[in-house]
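Here you go:
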């Protein structure tokens, strides 16, 4: 605490109890000097010792952030122990995560951190106009981040990866439960009609990819109802529905192309016929989905709150008077950026 | 440092509101009085050039961690090397953001009061999760073990991916 270093200029009014609530004051020794010189006030004067040399707003923001540190530490810690305690964890490509998109979002957040800092500096220097434009830039970058996140979420939903079970089409392993789920899906009345329609379509009306996929689908339909089904058959079915690119394919960048260009087929049946929506197998995928949506969801909520704060700040004239507010909003925003700095490698690259 | 401020205040602080010397200020005006006087000392540290430098460093570090994903990363078969590398990069990035963007580098000693206990709690919280959650599969029931995905399932899927069975045109 540096309080004793402060001296009160002579002639200033004594600090009485009425000013105590201001959250600022003087070190005892100097304060007493001030009183002696200033007004000859010799009664018991209440001196206010500041707890911390910062404003209440900033103090509370930092207290809030320290609770947030623990909140996200618990979330990230949960992710880490779940991930490393799990016997199997999906590779980012198994769950259709795109590293470049994640890196782009990281870049967007870093940029928004810079713009909010620049907004703060401009406001302090009383450049209200540039402060406002930096603030607008921050708001736009934050929205862009959310938009990209939404796009990523949509891609997950498209592949049947949901955090909750009735909607999720992810199975942990190609076992009998998986086989019966595929059978149930293929046996739905609407699906039977749709499949019949597909079977009746003349070959000329389909692309070569679709023709081969139709043949594969036919085989899959036979395999799931085959009474002589082998255990391995369901793995083949799962691979046809949604293939998992292997490490080797990823290393050679082969897996970059949609669905992983391995073996004789390019992409899964679900990709070629999006209406199929067959259950897919991603070992470790259900736990992955829970943690992914939990972590990024809470992060996204924080981003939304930040955007609301920025929108409110934009209603004011962003001069030196609001610099404290901008600083606090900035502290919060940097924290949100900070969380993403850890989320990005943990989710996309590990 | 502006003239009217006592020099002893120099290490005190940063930010708009840390000026404590001088005339007691009414509560509401605390921040604006502080800011116009203290922004002289802002220029000594928080220059825009410095922020841009940090920004460039952050972008460079992001590229570095992204590099582990590229095919040119030499330790693709040893994931732990990449993970350790990425964690070092992330911690460096976090440190840069905290120190410069959050101005902690220029703050008074109160920063330790808030950040160190919170940081310790964070580490502690994570460690507390290890025995219950991190090691949960060591004591799992037989039923659970049967239903959960195991490395053998990944192997099975990979083998299934190698079969060319269905790629051939079906005999008519």
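Residue numbers (the working numbering), protein chains in the order written: chain A, 51 to 400; chain B, 262 to 433. Glycine is no exception: its CB is placed at the ideal position from the N, C-alpha and C atoms. Being a predicted model, the structure only gives us computed values, none of them experimental.
Neighbours of residue 412 of chain B across chain A, judged by C-beta separation under 7 Å: 137 and 138. Within chain B, no residue has its beta carbon less than 9 Å from that of residue 330 of chain A; the closest one is some 11 Å off. When DSSP reads this structure, residue 330 of chain A sits in a beta bridge with A:220.
Residue contact with chain B for residue 119 of chain A: present (Cβ-Cβ distance below 9 Å to some residue of chain B). About 7 Å separates the CB atoms of residue 392 of chain A and residue 355 of chain B; that is less than 8 Å, so the two are in contact.
By the criterion of at least three beta-carbon pairs nearer than 8 Å, the region 156–167 of chain A is not in contact with the region 207–223 of chain A. At a cut-off of 9 Å between beta carbons, residue 398 of chain A contacts chain B.
With fewer than 16 other CB atoms across the displayed protein chains lying within 10 angstroms of its CB, residue 405 of chain B is exposed. Looking at the backbone, the Cα of residue 320 of chain A and that of residue 263 of chain A are separated by about 10 Å. Judged by DSSP in its simplified three-state form, residue 382 of chain B adopts helix. Cα atoms of residue 398 of chain B and residue 202 of chain A: separation of roughly 30 Å, rounded to the nearest angstrom. Counting along the chain, the unbroken alpha helix (DSSP H) around residue 193 of chain A starts and ends at 178–208.
Using a CB distance cut-off of 9 Å, residue 396 of chain B counts as an interface residue toward chain A.
Think of a sphere of 9 Å around the beta carbon of residue 404 of chain B: no beta carbon from chain A falls inside it, the nearest being about 13 Å out.
The C-beta distance from residue 273 of chain A to residue 289 of chain A rounds to 11 Å, too long to fall under 8 Å, and the pair is not in contact.
The alpha-carbon separation between residue 198 of chain A and residue 403 of chain B amounts to approximately 42 Å. Only residues of its own chain outside the window of five on either side were considered, and among them 210, 327, 329 and 330 have a CB closer than 7 Å to the CB of residue 219 of chain A, listed in chain order. In the structure shown, the three-state DSSP call for residue 403 of chain B is helix.
In the three-state DSSP reduction, residue 117 of chain A falls in the helix class (H, G or I). Residue environment for residue 266 of chain A: buried (at least 16 other C-beta atoms within 10 angstroms of its C-beta).
Using beta-carbon distances, residue 156 of chain A counts as an interface residue toward chain B, with a partner under 9 Å. Spatial neighbours of residue 138 of chain A in its own chain (CB-CB distance under 7 Å, excluding positions within 5 residues in sequence) are listed in chain order as 333 and 334. Residue 414 of chain B carries a helical assignment under DSSP once its states are collapsed to helix, strand and coil. Residue 279 of chain A and residue 136 of chain A have their alpha carbons spaced roughly 30 Å apart. Burial check for residue 338 of chain A: the Cβ neighbour count within 10 Å reaches 16 or more, so the residue is buried.
The beta carbons of residue 345 of chain A and residue 126 of chain A sit closer together than 9 Å. Put simply, the backbone Cα of residue 342 of chain A is about 34 Å away from that of residue 268 of chain A. Here residue 111 of chain A carries a helix assignment [DSSP, helix/strand/coil]. Cβ contact annotation for residue 361 of chain B (same chain, cutoff 6 Å, sequence separation greater than five): 315, in chain order. Using a Cβ-Cβ cut-off of 9 Å, residue 373 of chain B does not count as an interface residue toward chain A, since no Cβ of chain A sits closer than that to its own. Neighbourhood of residue 355 of chain B in chain A, by CB distance below 8 Å: 388, 391 and 392, in chain order. Cβ neighbours of residue 241 of chain A within its own chain (closer than 7 Å, five residues either side excluded): 235.
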